[in-house]
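Note sheet for the following structure.
Residue numbers (the numbering used here): 133 to 293.
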């Protein structure tokens with residue numbers, strides 16, 4: 133093979149290997165949980181990609197999380213529930229806009245719902261954190277307090293089952 137042909141072949145291989153992959157952007161995917169609470173907005177890094185998070189799910193152990201997803205009509209993806217050690221706890225496969233539910237029979241702690249490529253779990257489209265809580269907090273406060281008096285607030289913790 134002559135030198136110009138070799139250079140052309142090498143250039144073609146390099147251009148194909150660095151060309152952007154046509155397809156969906158992670159901005160086309162969204163996760164909504166049925167029991168979300170607002171949290172201060174933050175950026176989380178997952179598999180060298182960054183996601184902005186402003187809500188989290190809050191659930192009791194043994195509860196059920198209802199996951200609603202928005203995605204391009206032609207897309208196929210996995211909905212995964214992972215723990216803080218990135219271990220897969222549950223999964224479902226979906227296409228386009230969809231919904232599924234997972235029973236949360238896991239220890240109290242931090243988890244995440246992740247939308248990922250159906251065949252490559254490291255190709256992540258969206259992330260939503262959720263917490264399985266271990267305790268509930270109740271408080272008692274008086275209905276009224278006089279000016280310049282002491283306000284007493286009583287808190288109690290109850291371990292969640």
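By construction, the Cβ of each residue, glycine as well, lies at the ideal position given by its N, Cα and C atoms.
Given the structure is predicted, the values throughout are model-derived calculations rather than measurements.
Residue i CB to nearest heavy atom of the ligand MN below 8 angstroms
i           : result
residue 222 : Absent from the structure shown: the ligand MN. Ligands present: none.
Spatially closest choice to residue i from the options, by CA coordinates
i           : options            : result
residue 187 : 202, 170, 263      : 170
residue 285 : 291, 274, 292      : 274
residue 185 : 244, 281, 248, 276 : 244
residue 203 : 256, 271, 262      : 256
residue 253 : 209, 159, 174, 172 : 209
residue 196 : 279, 272, 174, 265 : 265
residue 175 : 289, 259, 287, 161 : 259
residue 205 : 173, 279, 160, 283 : 160
Distance between beta carbons of residue j and residue i, contact taken as under 8 angstroms
i           : j           : result
residue 99  : residue 212 : What the structure shows of the chain is the stretch from 133 to 293, and residue 99 is not part of that stretch, so it cannot be assessed.
residue 198 : residue 166 : 4 angstroms
residue 189 : residue 262 : 3 angstroms
residue 226 : residue 200 : Actually they are not in contact, since the Cβ atoms of residue 226 and residue 200 sit about 10 angstroms apart, beyond 8 angstroms.
Which of helix, strand or coil DSSP assigns to residue i
i           : result
residue 217 : coil
residue 162 : strand
residue 204 : coil
residue 251 : coil
residue 227 : strand
residue 198 : strand
residue 279 : coil
residue 273 : coil
residue 292 : coil
Terminal residues of the beta strand (DSSP E) in which residue i lies
i           : result
residue 238 : Here residue 238 belongs to no beta strand (DSSP E), and DSSP marks it neither H nor E.
residue 285 : Unbroken run through residue 285: none, as it is neither H nor E.
residue 177 : 168-178
residue 181 : 181-192
residue 294 : Absent from the structure is residue 294, since the part of the chain shown begins at 133 and ends at 293.
Separation of residue j from residue i, as counted between CA atoms
i           : j           : result
residue 250 : residue 223 : 10 angstroms
residue 207 : residue 163 : 15 angstroms
residue 181 : residue 281 : 53 angstroms
residue 236 : residue 277 : 42 angstroms
residue 292 : residue 215 : 19 angstroms
residue 288 : residue 183 : 35 angstroms
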